[in-house]
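Right, one structure below, let's go through it.
Residue numbers (my numbering): 4 to 224.
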């Protein structure tokens with residue numbers, strides 16, 4: 004339901020363009036990783052994946068389950084709450100392992116929370132938390148990097164700015180880009196695995212972000 008709803012709502016607020024490295028959707032049973040820049044990007048990512056025929060199980064901040072209606076929808080669809088800095092955090096990993104074993108793809112944000120920066124400009128993905136490594140290492144699932152750009156044009160800055168951006172977005176429909184990279188197989192060494200995953204996500208983000216026309220430099224180039 005949420006993926007279908009995102010597929011309907013997001014094009015009202017912006018012009019969404021989706022490309023893939025392989026010309027195909029992420030394979031079933033993948034760990035999809037996306038860069039997290041704005042409150043609006045989960046909807047954009049779900050809309051893009053829905054367009055590709057993929058409806059993932061999402062690992063999301065547990066606080067979202069306290070939002071009326073949204074929390075019930077998240078539970079109904081089997082999405083996974085992440086209780087950060089809490090003994091229940093390990094349960095999210097177990098639930099994600101079970102979803103992958105059942106052939107479902109899982110979407111997670113390896114950077115964790117939102118960046119503490121203002122303005123709508125793009126920036127490359129921040130360092131990853133180790134949860135991605137533990138999930139990939141324990142399941143052997145491929146990791147698919149998904150880079151998104153433009154979400155901060157819908158929601159960034161202070162509360163007043165975010166409300167203003169959302170209210171005016173249907174009028175000017177900002178450009179929203181999503182690029183899905185090729186699947187990665189991570190090594191069994193944590194630091195190396197996270198570096199490879201972050202590089203893959205950075206390149207997918209760069210492919211999406213350069214379409215916005217901002218002056219960007221690919222890290223490491």
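Think of the CB as a built atom: it goes at the ideal place given N, C-alpha and C, for glycine as much as any other residue.
Judged by DSSP in its simplified three-state form, residue 63 adopts strand. The way I'd put it, the segment 53 to 66 does touch the segment 88 to 105; three or more beta-carbon pairs between them come closer than 8 Å. Less than 8 Å separates the beta-carbon of residue 18 from that of residue 176. Our two residues, residue 29 and residue 151, have alpha carbons roughly 15 Å apart in a direct line. The DSSP-derived three-state label of residue 174 is helix.
Take residue 211, set aside five residues on each side of it, and the residues of its chain with a beta-carbon closer than 7 Å to its own are 150, 151, 152, 180, 181 and 182, in chain order. For residue 40, the number of other beta carbons within 10 angstroms of its own is at least 16, and it is reported as buried. Counting C-beta pairs closer than 8 Å gives three or more between the segment 123 to 134 and the segment 186 to 201, which meets the contact rule. Within the same chain, and ignoring the five residues on either side of residue 124 in sequence, the residues whose Cβ sits closer than 7 Å to its Cβ are 217.
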